[in-house]
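Visitor: Submitted below is the structure of interest, expressed as structure tokens.
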Amino acid sequence: MKLLRDRLLYATILAVAIAPSAFAQAVDYGQSELLFGEPVTTSATGSPQKASDAPADMQIITADDIRRSGATTIPDILKFVSGIDVRTSASQSQTVSIRGSSQGFNPRLLVLINGRQVYLDDYGYTAWQALPVQLDEIRQIEVVKGPASALFGFNAASGVINIITYDPLFDSTNAATLRGGTQPQLGGDAIATIHPTDNTGLRLSVGGNQGREFNTNSLPPLQGPYDQTPYSSSFGLDGRYKPTPNTELTAEFTSSDSRNIGPLGQGDSIDTLGYRTTSFKFGGAADTNLGLLNIDAYRNEANDSYTEGQILSVADKNVIYVVQASDLFKVGTENTIRVGLEYRSNSLQGDFLAQSIGYDDYAGSVMWNWKLTPQLSLTNAVRLDYLALSRTGSFDPASPPAYTNALYDNTTIIQPSFNSGLVYEPTDLDTIRLLLARGIQAPSLIEFGAQYRANLGAPLPILYGGSPNLNASTTNNVEIDYDRSIPEIESTLRTAIYYQNTQAILSSGFSLPISFSNFTLYSQSQNIGHSHSYGGEIGLQGYDPSGLRWNLSYSLVSTKDYLTVGTLAPTPWDFDHATPTSMIDFGIGYTWDKVEADIQGKWQSSYVDYNDILLVYTPLKISDFVTLNARVGYNFNEHVTLALTGQQLVNSSIQEAAGIPIERRAIASLTLHF
Amino acid sequence: MKISAAIIVFTTGIALSSPSLAAASQKDMQIAGRVLGFVSTPVTGDVKFGIVYDPANAGSNKEEQDLVALLGAGLKVGNVNFIPVPVPIDKLDTTASDVLFLTGGLGADGAKVGAAAKAKKEICITADIAATQAGNCALSIQSEPKVQITVNKAAADASGVSFSAAFKMMITEI
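Going down the list, the sequences are from chains A and B.
Everything in the first sequence is counted per my numbering, starting at 1 for the first residue and increasing by one.
Everything in the second sequence is counted per my numbering, starting at 675 for the first residue and increasing by one.
And the structure:
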């Protein structure tokens with residue numbers, strides 16, 4: 001299978017390299033946004049669309065929003081988006097959830113950079129601190145609320161975050177930022193774009209941060225010592241070449257290196273987490289008589305390490321190869337069709353496994369957008385994934401005897417997903433969306449294949465086992481949205497009401513009660529039941545030509561669990577109480593000549609999180625809290641900006657999630673644009 | 675097709691608040707300039723912006739005069755610099771231009787512009803969506819309250835004008 005995978009990948013790269021006339025023109029986000037006066041996106045259907053036309057509840061965070069937030073991490077930007085729950089467990093450990101069912105290391109949110117997955121498949125989560133992207137090179141962050149598996153495949157179960165960077169072919173992004181602050185923090189980034197020829201663009205980016213960890217005195221000393229010097233650094237190279245006006249080739253390389261403390265899953269104790277990632281991506285696109293042809297091939301490698309004081313030290317290596325091809329074309333004037341094929345190879349080797357676990361995934365998808373009238377469009381997208389599991393290595397004697405490599409190698413998962421959306425614009429001011437979707441969350445590689453006998457200080461060894469008998473978790477979503485522009489106050493009202501049910505919720509053995517088997521304590525990955533959620537969001541956002549901007553939103557989510565674990569022994573699974581029911585996000589800002597000032601705040605209702613203290617999952621009530629960030633920037637001229645940001649200003653420290661209290665911070669930054 | 679027709683009647687009936695005729699604004703000109711960057715062979719540099727009007731039609735005449743004043747000696751938008759060239763409708767064949775802009779309210783006379791655009795192989799732009807619906811002008815623009823672009827595919831094809839595939843996904847084709 002490896003040989004087949006490698007041949008397929010290299011053949012794709014070769015095809016991209018030697019046949020430029022066969023591939024196409026990408027979306028010029030900058031010119032399109034200038035033309036339509038709003039961001040454009042491909043994250044709803046795979047077809048370029050104005051954000052207001054997308055058949056999805058989508059929020060786009062622009063580069064201006066990012067700058068004015070003063071944030072130094074992407075979760076700190078997302079924190080103030082309606083319906084998004086960000087849990088900060090330590091200075092560099094953050095988990096992002098959309099629309100409830102929040103959990104540490106959230107596996108239900110797919111995160112991508114320019115369509116390349118940065119979600120890690122070993123445990124199923126996103127290590128935000130290890131993302132190889134600088135905030136100054138981001139054009140927009142596209143947030144899709146609700147399942148989007150029909151376009152993106154596995155793990156777009158509760159939503160998608162697609163980070164879009166500037167295009168070096170069209171955008172000349174040249175900037176350098178130096179940051180310093182309390183705790184004491186030091187960081188910065190530099191981005192340079194060059195155009196060796198008129199049809200070639202190359203962007204280099206480099207950046208990093210380091211600082212002192214927040215106070216760890218509240219953590220159990222037996223599970224320490226806790227690393228006190230989190231850091232992250234990354235490098236990126238993005239090249240685009242247009243051999244003809246209708247064709248474009250891309251090549252991208254990234255790498256990142258980071259270390260911080262944080263939990264390794266829902267309810268887990270605080271560990272030291274280290275990440276080294278690299279990626280290569282090649283692509284081509286061509287505007288042809290057959291439509292807009294696209295092909296992308298990439299390889300991600302993540303070398304992760306997890307250390308829990310003197311008790312635990314493990315590492316793994318996760319490699320994925322992905323080849324994606326699509327054709328996007330119009331039939332007549334009313335129908336847009338996208339046909340896609342995808343091959344994905346995923347493998348994991350590491351200390352939590354006997355040897356290796358992996359799978360190959362083959363997927364086909366079709367999207368059909370039917371513009372019935374200029375005011376009414378119907379989009380239907382379906383995708384079918386076929387996952388074939390494979391495993392090598394021995395089994396622990398305490399494992400179920402039925403588990404063999406042959407069983408693993410014969411295990412397949414076949415899952416359909418779909419997205420349907422009816423978008424009706426009865427007037428130029430009103431948009432109504434009816435949405436129906438089914439998203440898929442694949443079991444993580446650890447959930448499939450863990451085989452780890454640990455001596456964590458307990459009287460007997462503990463075996464954490466994976467299982468080949470897991471079902472993919474599915475999320476169904478029904479939703480009605482209504483948006484209205486209110487020109488009288490330069491504002492937009494956005495509302496959404498939804499119902500979601502999630503079947504076959506997945507948990508690794510690390511987050512489940514321990515049983516006794518063959519003189520060994522044993523815990524195995526399982527599907528642990530289902531949950532229902534309903535909720536809604538209402539928000540108003542405005543920009544006044546005078547320079548005033550504001551936003552106010554309220555989001556509600558209520559979850560009911562029907563879990564099959566946790567009745568006899570405590571587990572960290574309790575979506576009923578682990579989801580904050582209410583959140584209010586608010587912000588106000590003003591630009592006056594060379595000064596821009598912004599305040600963003602959030603109130604979040606109380607919820608219950610979990611700590612793992614010596615293998616006992618201990619509930620921790622997180623009281624409702626208000627957090628407030630503020631930034632003042634001064635533009636000396638078009639090249640130099642000085643900014644001062646205060647984060648978490650209300651209290652000197654607050655407990656936002658299990659982990660350690662989050663401290664107030666102040667950050668000064670100097671940015672040069674050239 | 676019958677279903678589509680029924681839905682069009684229903685939805686457009688509700689959408690009566692959309693203006694059917696509007697004079698071109700500066701924002702319309704900016705959109706017109708940027709649209710030219712999405713033509714398969716992008717138009718750049720100095721562009722003779724032929725403002726087609728009917729001297730006998732007060733509304734058309736006024737729009738032409740407003741546009742000439744707006745563009746002045748030239749208006750730079752994106753990669754183009756619009757140089758205004760007034761084109762009385764009865765002198766379409768003899769007035770040189772790179773782009774035709776059709777003023778509103780010409781009604782049946784608009785067909786002459788469609789024929790001229792076809793003969794000259796030039797793109798025709800208008801703020802009068804009725805002209806595009808009638809096939810007299812390839813592209814109509816609306817800038818308020820949100821940007822809407824409508825392309826009459828038959829008219830565009832007849833004028834030898836084509837757009838990038840990505841652009842066509844973001845606009846309304848009829």
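C-beta: ideal position from N, C-alpha, C; glycine also.
Just verifying my parser: in three-state terms, what is the DSSP assignment at alanine 442/A?
Guide: Note: alanine 442/A maps to coil in three-state DSSP.
Visitor: Please classify glycine 421/A: is it buried, with 16 or more other beta-carbons within 10 angstroms of its beta-carbon, or exposed?
Guide: Buried, since its Cβ has 16 or more Cβ neighbours within 10 Å.
Visitor: Which same chain residues end up closer than 7 Å to isoleucine 757/B when comparing Cβ atoms and leaving out the 5 residues on each side of it in sequence?
Guide: Excluding residues within five positions, the ones whose Cβ falls inside 7 Å are Asp720, Val721, Lys722, Phe723 and Gly748.
Visitor: Between which two residues does the alpha helix (DSSP H) holding alanine 785/B run?
Guide: Per DSSP, alanine 785/B belongs to the alpha helix (DSSP H) from 784-794.
Visitor: Can you list, in chain order, the stretches of the beta strand (DSSP E) that have 3 or more residues and sit fully within the region 147-195 of chain A?
Guide: The region 147-195 of chain A contains these whole beta strand (DSSP E) runs: 159-165, 175-181 and 185-194.
Visitor: Looking at the structure shown, is alanine 630/A part of a helix, part of a strand, or coil, going by DSSP?
Guide: Three-state result, alanine 630/A: strand.
Visitor: Alpha carbon to alpha carbon, how far is threonine 431/A from serine 553/A? Give it in angstroms, no decimals.
Guide: Those two C-alpha atoms are separated by around 18 Å.
Visitor: Since tyrosine 231/A and aspartate 271/A should fall inside the 8 Å C-beta cutoff, what is the C-beta to C-beta distance between them, to a whole number of angstroms?
Guide: Wrong, their Cβ atoms sit about 16 Å apart, outside the cutoff.
Visitor: What does glycine 291/A reach in chain B if we use C-beta pairs closer than 7 Å?
Guide: Simply Ala839.
Visitor: For the alpha helix (DSSP H) holding isoleucine 409/A, just list the boundary residues, first then last.
Guide: A quick correction: the sequence has aspartate, not isoleucine, at residue 409/A. Unbroken alpha helix (DSSP H) run through aspartate 409/A: 405-409.
Visitor: Under the three-state reduction of DSSP, which class applies to phenylalanine 575/A: helix, strand or coil?
Guide: DSSP places phenylalanine 575/A in helix when its eight states are reduced to three.
Visitor: Thinking valine 557/A and arginine 99/A are a contact (beta carbons under 8 Å), I'd like their distance in whole angstroms, please.
Guide: So it is a contact: roughly 6 Å between Cβ atoms.
Visitor: Compute the distance between the beta-carbons of serine 531/A and threonine 492/A, then report whether it is under 8 Å.
Guide: In this structure, threonine 492/A does not lie closer than 8 Å to serine 531/A by Cβ.
Visitor: Quick one: is aspartate 316/A buried, meaning 16 or more other Cβ sit within 10 Å of its Cβ, or exposed?
Guide: It counts as buried.
Visitor: If the cut is a Cβ gap below 8 Å, which residues of chain A does proline 819/B touch?
Guide: Simply Asp428, Leu429, Ser485 and Pro487.
Visitor: Report all residues from its chain with a CB closer than 8 Å to the CB of serine 523/A; omit the five preceding and five following residues, and keep chain order.
Guide: Excluding sequence neighbours, serine 523/A sits near Ile462, Leu463, Tyr464, Gly465, Gly509, Phe510, Leu512, Pro513, Ile514 and Ser515.
Visitor: Evaluate phenylalanine 519/A with the Cβ neighbour count: other Cβ atoms within 10 Å of its Cβ, from every protein chain shown; 16 or more gives buried, anything less gives exposed.
Guide: Result: exposed.
Visitor: Identify, in the order they occur along the chain, each residue of the same chain with its Cβ nearer than 6 Å to the Cβ of alanine 302/A, setting aside the five sequence neighbours on each side.
Guide: For alanine 302/A, where only same-chain residues beyond five positions count, the Cβ hits under 6 Å are Leu120, Thr277 and Asn318.
Visitor: Find the residues of chain B that neighbour leucine 34/A, judging by a C-beta separation of less than 7 Å, and give them in chain order.
Guide: Ordered by position in chain B, the residues that pass the 7 Å Cβ test against leucine 34/A are Arg708.
Visitor: Check for me: the alpha helix (DSSP H) holding lysine 842/B runs from which residue to which?
Guide: Residues 839-844.
Visitor: Using the Cα positions of serine 652/A and leucine 470/A, report the straight-line distance between them to the nearest angstrom.
Guide: One C-alpha to the other measures close to 44 Å.
Visitor: In terms of residues, what are the limits of the beta strand (DSSP E) holding phenylalanine 775/B?
Guide: Looking at the DSSP string, the run of the beta strand (DSSP E) that includes phenylalanine 775/B is 773-776.
Visitor: CB-CB under 7 Å to alanine 130/A, same chain, minus the five flanking residues each way: which ones, in chain order?
Guide: These residues qualify, in order along the chain: Ser232, Ser256, Ser258, Tyr275 and Thr277.
Visitor: Please report how far the alpha carbon of phenylalanine 395/A lies from the alpha carbon of aspartate 360/A, in whole angstroms.
Guide: Cα-Cα distance, rounded: 22 Å.
Visitor: Alpha carbon to alpha carbon, how far is histidine 673/A from glycine 188/A?
Guide: Their Cα atoms are separated by approximately 14 Å.
Visitor: By how many angstroms is the C-alpha of threonine 412/A removed from the C-alpha of aspartate 428/A?
Guide: Answer to the nearest angstrom: the Cα atoms are 48 Å apart.
Visitor: I need the straight-line Cα distance from alanine 354/A to serine 525/A, nearest angstrom please.
Guide: Between alanine 354/A and serine 525/A, the C-alpha separation is close to 16 Å.
Visitor: Kindly give me the distance between the Cβ atoms of glutamate 698/A and threonine 182/A, rounded to whole angstroms, as I take these residues to be in contact under 8 Å.
Guide: The structure shown does not extend to residue 698/A, since chain A spans only 1 to 674, so no value can be given for it.
Visitor: Per DSSP, which residues does tyrosine 321/A bridge with? Please list them.
Guide: Answer by DSSP bridge pairing, in chain order: Arg299/A and Ser345/A.
Visitor: What are the boundary residues of the alpha helix (DSSP H) that valine 742/B is part of?
Guide: Valine 742/B -> alpha helix (DSSP H) spans 732-745.
Visitor: Quick one: residues in its chain with C-beta nearer than 7 Å to the C-beta of tyrosine 403/A, no 5 flanking neighbours on either side, listed in chain order?
Guide: These residues qualify, in order along the chain: Phe395 and Pro468.
Visitor: At the level of alpha carbons, what is the spacing between serine 836/B and serine 714/B?
Guide: If you take the alpha carbons of serine 836/B and serine 714/B, they lie about 6 Å apart.
Visitor: Reducing DSSP to helix, strand and coil, say where alanine 706/B ends up.
Guide: If DSSP states are grouped into helix, strand and coil, alanine 706/B belongs with the helices.
Visitor: Determine whether the Cβ of leucine 813/B lies closer than 8 Å to any Cβ atom of chain A.
Guide: No - not a single Cβ of chain A is within 8 Å of the one on leucine 813/B.
Visitor: Identify each residue in the region 304-328 of chain A for which the Cβ-Cβ distance to at least one residue of chain B is less than 8 Å, and report them in chain order.
Guide: If the cut-off is 8 Å between Cβ atoms, the region 304-328 of chain A has Leu328 near chain B.
Visitor: When you compare only the Cα positions, how much space is there between alanine 157/A and glycine 439/A?
Guide: Cα-Cα distance, rounded: 4 Å.
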